[in-house]
Amino acid sequence: MHEHDDISVEVSPFQAQGVLSGFLVSGRWPASTVEWARFLLLAVRVASVPGMLLTSTVFRVREERPESSHPGAVGLVIAEGPVVGQNAVLPGQFAAHQPPGLIVLHPPSEIRPSLPEQDDVAAGCVLLPGLPHLGLDHRAAWVEADRRGNIARMVSRAGIDPNEDADTAVLALLLAA
C-alpha cells in the first residue's frame, strides 16, 4: 500500500467575477498521469458550465501552499490567461520557473465535439513536462466531457511528443526557453 492511498485528492473550483479562475487542491497532489486525468475530468466538467469559461484558457500548477486558511490545502491550479487574444499567455512565459504541469481548458463554444450527439462539451489537456535528457518522459492527458459527466474522450499517455497534438504543442511552447 502506498503511503498516500488513504489521503484523497480534493479539488475545489473558484471564480472571480463569475469566471473560472482556478482550483484549490487539498489532501495531496495527483500522484500519477491517471490521477491527473481524473483531475482534468473535473476541470472540464466545470468548464462546460455555461459562462464559466469564456475562451480557451491556460492554467498553471502551483505547488506553493495558499496563504488562506484552507486546512489541508497543498496548492493551486491558477488561470494564467487565454490561449489567444488580449492578455494571452506568451511563448516561453513559464521557461524560467517551469511548473510541474500546465493545463488548457476549452469551453463548449471553442471546440467541435468528437461525438456528434453530444452538445455543450468542453475539453482539456494537461501536460506534465518531463526531462527527456534524464530519461523522464513527458506525460499528458486529454478529456472531453459535459457538465453531466458524460465523457466523449479520456486518454492519458506517457512518452508523448508534444508536437503531435495541438494542445500539448501550445503548452510545450509556453514552457520552452
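Heads up: the sequence shown runs through residues 1 to 177, numbered per the UniProt record's numbering.
Note that CB positions come from ideal geometry on N, CA and C, so glycine has one too.
Within 10 angstroms of its Cβ, does residue i collect 16 or more other Cβ (buried), or is it exposed?
{"i": "H97", "result": "exposed"}
{"i": "P71", "result": "exposed"}
{"i": "S12", "result": "exposed"}
{"i": "A14", "result": "Residue 14 is actually Phe in this sequence, not Ala. Classification for F14: exposed."}
{"i": "L174", "result": "buried"}
{"i": "G92", "result": "exposed"}
{"i": "R65", "result": "exposed"}
{"i": "S156", "result": "buried"}
Of the choices the options, whose alpha-carbon is the least far from that of residue i?
{"i": "R38", "options": "R62, L173, A176, A145", "result": "A145"}
{"i": "I151", "options": "G22, R45, P107", "result": "R45"}
{"i": "L171", "options": "A141, P107, I103", "result": "I103"}
{"i": "E110", "options": "G51, S32, A31", "result": "G51"}
{"i": "T168", "options": "V89, V74, A16, A140", "result": "A140"}
{"i": "P82", "options": "S114, A122, V58", "result": "V58"}
{"i": "S26", "options": "R147, P99, V74, V155", "result": "V74"}
{"i": "S48", "options": "R153, H106, G101, I160", "result": "H106"}
{"i": "P129", "options": "A16, Q17, T33, E10", "result": "T33"}
{"i": "A122", "options": "L40, R62, D161, E164", "result": "L40"}
In whole angstroms, what separates the C-alpha of residue i from that of residue j?
{"i": "A158", "j": "V126", "result": "12 angstroms"}
{"i": "S28", "j": "D6", "result": "Checking the displayed sequence, the identity of residue 28 turns out to be Arg instead of Ser. Distance between the alpha carbons of R28 and D6 is about 10 angstroms."}
{"i": "L76", "j": "D119", "result": "30 angstroms"}
{"i": "V143", "j": "Q86", "result": "26 angstroms"}
{"i": "A79", "j": "S21", "result": "5 angstroms"}
{"i": "A88", "j": "S56", "result": "10 angstroms"}
{"i": "F94", "j": "R147", "result": "30 angstroms"}
task = Could you name each continuous beta strand (DSSP E) segment of 3 residues or more that falls completely within the segment 94–134, going from the start of the chain to the end?
result = With a minimum length of 3 residues, the continuous beta strand (DSSP E) runs that stay inside the segment 94–134 are 102–106, 122–128.
ask   = Whole alpha helix (DSSP H) runs in the segment 32–88 with 4 or more residues, listed along the chain?
value = Runs found: 33–47.
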